Structure formats: C-alpha cells, structure tokens
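Following: one structure in structure tokens, then a few remarks.
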Amino acid sequence: MTYKAFDVAKIREDFPILKREVNNKPLVYFDNAATSQTPQAVIDVIADYYGNYNANIHRGVHTLSQEATDAYEVARQKIQHHFNAQKAHEIILTSGTTHSINIVASGYATLLKAGDELLVSAMEHHSNIVPWQMLCEKTGAQLKVIPMTEQGTLDKQAYANLLSEKTQLVFVNHVSNALGTVNPIEEIIEKAHAVGAKVLIDGAQAAPHIKADVQALDVDYYVTSAHKLCGPTGVGMLYGKEDLLNALPPYQGGGEMIAEVTFEKTTYADLPHKFEAGTPNIAGGIAFGAALDYMNAIGFDAIAAYEQELLDYATTALKKIVGVQIYGEAPQKTAVLSFNVQGIHPYDVGSILDKFGIAVRTGHHCAQPIMDYYQIPGTIRASFSFYNTTEEIDRMLAALERALQMLQ
Ligand code: 7TS
Numbered sequence: 052m053t054y055k056a057f058d059v060a061k062i063r064e065d066f067p068i069l070k071r072e073v074n075n076k077p078l079v080y081f082d083n084a085a086t087s088q089t090p091q092a093v094i095d096v097i098a099d100y101y102g103n104y105n106a107n108i109h110r111g112v113h114t115l116s117q118e119a120t121d122a123y124e125v126a127r128q129k130i131q132h133h134f135n136a137q138k139a140h141e142i143i144l145t146s147g148t149t150h151s152i153n154i155v156a157s158g159y160a161t162l163l164k165a166g167d168e169l170l171v172s173a174m175e176h177h178s179n180i181v182p183w184q185m186l187c188e189k190t191g192a193q194l195k196v197i198p199m200t201e202q203g204t205l206d207k208q209a210y211a212n213l214l215s216e217k218t219q220l221v222f223v224n225h226v227s228n229a230l231g232t233v234n235p236i237e238e239i240i241e242k243a244h245a246v247g248a249k250v251l252i253d254g255a256q257a258a259p260h261i262k263a264d265v266q267a268l269d270v271d272y273y274v275t276s277a278h279k280l281c282g283p284t285g286v287g288m289l290y291g292k293e294d295l296l297n298a299l300p301p302y303q304g305g306g307e308m309i310a311e312v313t314f315e316k317t318t319y320a321d322l323p324h325k326f327e328a329g330t331p332n333i334a335g336g337i338a339f340g341a342a343l344d345y346m347n348a349i350g351f352d353a354i355a356a357y358e359q360e361l362l363d364y365a366t367t368a369l370k371k372i373v374g375v376q377i378y379g380e381a382p383q384k385t386a387v388l389s390f391n392v393q394g395i396h397p398y399d400v401g402s403i404l405d406k407f408g409i410a411v412r413t414g415h416h417c418a419q420p421i422m423d424y425y426q427i428p429g430t431i432r433a434s435f436s437f438y439n440t441t442e443e444i445d446r447m448l449a450a451l452e453r454a455l456q457m458l459q
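Mapping of the sequence shown onto the numbering used here: residues 52 to 459, in sequence order.
See below:
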C-alpha cells in the first residue's frame, strides 16, 4: 500500500542527482544517513546568493551586505520556527552537529568540577562521545555509559539507576545513526531534570524524519546538521535555552563575537553572535532555511509515513535472505537498515553493490561502541529517504543476492 498523499515520482524530479548513472546503472542512493541529496530549490538558493548578493553579513552598510544579512537572519527565524524555539537568538548557526556539540562541551570546562558525572548513551556517534571525553580530561568529571539492549534500545532501568545528584549533563541521540532507534527523549529529559541535570540531544539523524519541538521537549540543547535534511554541508545549528547559552563562555574568539575590544579587556557580544565568530557559511545558512521550507512543504508526517513503508518493505524482504542478521530492531525506528551476511565482510558486499550503482555505507558508522557491543567489525547500512522507492529496494535485494552468489 502506498501512502496516497505522497507522489514520489514527482518528488524525485526535484533532485537532479537522482537522474545520474553510476557504473552504467541508474543511481540508487541509500546512504541518506551519511548525507541527504539536495533538491533544485536549495541549489537555486545557493546559486542566487553567489550570483546576486554575495557579501559579508552584519557589517556593511551597503545594499548587498544588508540583503545578505537579512536573508541570513530570515533563515535563522525559519530554523527557530521549525524547532519551535522561543527566541531567534537561541539558534546558533554552526558548521554542523560536531561543531555544535563542541561549543557546549568546551563551554562546560569552566562549569564542572572533579567528581561531577556525565551520562552518555551506548549508541552515540563519536561526535557525541569524544568532545565529552576531552571535557572529562580537563575537569576530572566522570563519563558514565547508559547501556543498550540486544534489540538496540536504551536500558531505561539502568539509566534511572545511573542518575544522581552528581549528574550534571546527559547527552543522547534522538535517533541512532547506526541502528535507526528512536530514543524516548521526552522521558530521558524528564528524568534528568528531576535530578537537576541538563540534557543535550543530538538530533543529526532525527531532523530529516521528525520535527522536534524544543519547548515541548523542554530540552536544554538540541543540535543538528543541515546536510542531513536536504541542505548543504558545512552548516548546522545549536539550540540552547537562553539562560544556559548566556552562562556558557564563547567557543572561539574573533570578529563579530565581541561587544568591545581593547588590549586590556574584551567584552562579548550578545546571543547569538557570541558563538558565531568569523565569517560564517552565509550561503549555507540561507540554504538551510530553504531546505526546511522544502521539507515542510512536503510535510514531516507524510515523509515519516512513507519512509516507514519503505523500512517495513525492506526489512521483511531482507529477513527472507538466508544468513542475514539485522542490527537494531527497536519498536520505533527511522528508515535505517543495518545488517550483515554470515561469513562475509560488510566492505565486500558494499563494493559489489556499488558496481550495481547502489550506494550504501559499510563500516562502523562512527559508532564503534555499538559494533563492540555486537562484536562485529561493522555493518552494511542502507538508509532510506522520502525520495527512495520500493523498486530501488528490489534492485538492492537483487544485487545483494548476486553479491552473495559471488562471495559465498
Ligand atoms: N551525530 C549523529 C547521530 C550523526 O549521525 C552524525 C553524522 C553526526 C552526529 C555528525 O554530524 P556532522 O554533520 O557534524 O558530521 N553521521 C554520519 C553517518 O551516519 N554517516 O556519515 C555521517
């Protein structure tokens, strides 16, 4: 059954890259969790900026600079409204999720003391682990891990047991990049707040599928990257509650983040500029706003329903192939299918799929602790987007059967 309101053939027309061939076969792009493809509407916005009003922002009185500044600030408001932040200056434009997490983690170096505890989940991307380990080295705080289950969900009881008055921060992804698990972040946030801890949610994998409402969630920090949701690379956002962002020291010093500079003392600019030193990715920021417009016009409910169909279809079919082991079978998942075939290295399968024009990611997906949990070197990961089709899944399955004949 196809979701009626969803005209995937028409949507595919919006993405020029979907017309190309790879190894003389039509491209099947199933690496959406690594980065999504870009619709023409977003490409046009980038070209329009460079073609018509390329200028530095927040500094010139000239027309081009004002036009660029206006467009950049309109984009910030679009992001604010999309995530339902109360104030536009609670949205910091960054180079992406990694940068956003580093801003918060490095800021806490002055706010933590030895003996404080930080909780991380067992299913994080390395960018939500390593900055916190660096923070622990600097402060003497201790990193504790919320364990996961075989099914690929977080162990809620263990989480409850780990929380204490020592817990200062909890950081968990909204959706796991390697398993697709949608974590119960409402509950995680509520429990953390009950002991006075703050919560950072890594929304890199959730943002293309789920519209998060930061006020309803009462989340302290929420981060994501534009390139996961049809926007360009090199731009993302950090949402933080105003009082918390005000309490964090700046991450980088430089131009545009100051109120006044003398050699004796520098004072910092107000939010959001305090965290936006230097010339930002201006076209990228504007295009981030355009990407949200594009996805909202299709609608996140329609996207989620259609992607669920793709996931169910692919999961059912994949389970019929002998020797296939799927990793991540949480009851609530986005359209990520991580799997292995008994006795075959994921890299070998991925290389053969590429010969058939099919792009999947193989390896540890920057989530080595998950691979260690399952005691595997990596997985083959097919991650679907709303512009993919069941016909493409059929092509992947046929190519997979061929690959297995060659390798087994
Ligand atoms: N957090 C999660 C959950 C991610 O999936 C990623 C990127 C990041 C953080 C980092 O985002 P960046 O934009 O700062 O690089 N994940 C992946 C992936 O799964 N395959 O390639 C990149």
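Don't be surprised by glycine CBs; every beta carbon is placed ideally from N, CA and C. Since the model is a prediction, treat every value here as computed from it, not as a measurement.
Using 10 angstroms around the beta-carbon of residue i, count the other beta-carbons present and answer buried if the total reaches 16, otherwise exposed.
i, result
"PRO323", "buried"
"ARG412", "buried"
"GLU466", "Missing from the structure shown is residue 466; the chain here goes from 52 to 459 and no further."
"TYR101", "exposed"
"THR204", "buried"
"MET52", "Confidence at MET52 is low in this model, with a pLDDT of 37, below 50, so its placement is unreliable and no value can be given for it."
"GLU72", "exposed"
"VAL274", "buried"
"HIS113", "exposed"
"VAL115", "Checking the displayed sequence, the identity of residue 115 turns out to be Leu instead of Val. With fewer than 16 Cβ atoms within 10 Å of its Cβ, LEU115 is classed as exposed."
"VAL221", "buried"
"GLN256", "buried"
"LEU280", "buried"
DSSP state of residue i, grouped into three classes?
i, result
"ASP294", "helix"
"ASP82", "strand"
"LYS384", "strand"
"MET447", "helix"
"LEU455", "helix"
"VAL226", "strand"
"LYS61", "helix"
"ILE94", "helix"
"LEU214", "coil"
"GLN219", "strand"
"GLY287", "strand"
"ILE239", "helix"
"PRO198", "coil"
"GLN88", "coil"
"LYS55", "Here the model assigns LYS55 a pLDDT of 49, short of 50, so the residue's position is not dependable, and the following value carries that caveat. If DSSP states are grouped into helix, strand and coil, LYS55 belongs with coil."
Return the chain-ordered list of same chain residues with a C-beta closer than 6 Å to the C-beta of residue i, the five sequence neighbours on each side being excluded.
i, result
"VAL223", "SER172, ASN234 and ILE239"
"GLN393", "GLY374"
"ALA192", "LEU163, ASP167 and LEU169"
"ALA338", "VAL93, VAL96, ILE97, GLY282 and PRO283"
"GLY147", "SER276 and GLY287"
"PRO182", "ILE152, ASN153 and ALA156"
"ALA85", "ARG412"
"ALA450", "LEU404, PHE407 and ILE409"
Using a Cβ cut-off of 8 Å (strictly closer), state whether residue i contacts chain B.
i, result
"GLN117", "Given the protein chain composition of this structure (a single chain), no chain B is represented."
I'd like the list of long-range same chain contacts for residue i, defined as Cβ closer than 7 Å, with 5 residues on each side in sequence excluded.
i, result
"GLN383", "VAL233"
"LYS55", "Residue placement at LYS55 cannot be trusted, given a pLDDT of 49 that sits under 50; the coordinates are not used to answer."
"TYR424", "ALA173 and MET199"
"GLN184", "LEU194"
"TYR364", "THR441 and ILE444"
"PRO331", "LEU144"
"PHE57", "ALA353 and TYR357"
"ILE427", "ASN391"
"THR149", "SER178"
"ALA334", "ILE97, TYR100 and TYR101"
Give every residue of the same chain whose Cβ lies closer than 8 Å to the Cβ of residue i, excluding the five residues on either side of it in the sequence, and list them in chain order.
i, result
"ILE68", "LEU78, TYR80, GLN88 and THR89"
"ASP321", "HIS140 and ALA310"
Using 8 Å for Cβ pairs, my map puts residue i next to residue j. What's the rounded Cβ distance?
i, j, result
"HIS278", "ALA355", "Actually they do not touch by this definition, with Cβ atoms about 20 Å apart."
"ALA160", "LYS189", "5 Å"
"LEU388", "ILE403", "Not really, about 17 Å apart at Cβ, beyond 8 Å."
"LEU343", "HIS133", "5 Å"
"GLU237", "LEU268", "6 Å"
"MET447", "ILE395", "Incorrect: roughly 15 Å between the Cβ atoms, too far for contact."
"THR437", "ILE108", "According to the sequence provided, residue 437 is Phe. The question's Thr does not apply to it. That belief does not hold up - the Cβ atoms of PHE437 and ILE108 are roughly 32 Å apart, past 8 Å."
"LYS249", "LEU214", "In fact, because the Cβ distance is near 12 Å, the residues do not count as touching under 8 Å."
"MET308", "GLU327", "6 Å"
"ALA418", "ALA245", "Contact flag wrong, Cβ pair sits at about 28 Å."
"ALA386", "SER434", "6 Å"
"GLN137", "GLN266", "6 Å"
Say the cut is 7 Å; is the CB of residue i nearer than that to a heavy atom of ligand 3?
i, result
"ALA263", "For the structure depicted, ligand 3 is absent and the ligand set comprises only ligand 1."
So within the stretch 389-444, which uninterrupted beta strand (DSSP E) runs reach at least 3 residues, ignoring any that extend past its ends? Taking only runs of at least 3 residues, the beta strand (DSSP E) segments lying wholly in the stretch 389-444 are 412-414 and 430-434.
Identify every run of the beta strand (DSSP E) within the stretch 296-382, keeping only runs that are complete inside it and at least 3 residues long; order them along the chain. As far as the stretch 296-382 is concerned, its whole beta strand (DSSP E) runs of at least 3 residues are 309-312, 317-319 and 375-378.
Curious, which full-length alpha helix (DSSP H) runs of at least 4 residues does the stretch 110-190 contain? Within the stretch 110-190, the complete alpha helix (DSSP H) runs of at least 4 residues are 114-133, 148-158 and 181-190.
Ignoring anything shorter than 4 residues, give me the alpha helix (DSSP H) runs that lie fully in the stretch 241-272, in order along the chain. As far as the stretch 241-272 is concerned, its whole alpha helix (DSSP H) runs of at least 4 residues are 265-268.
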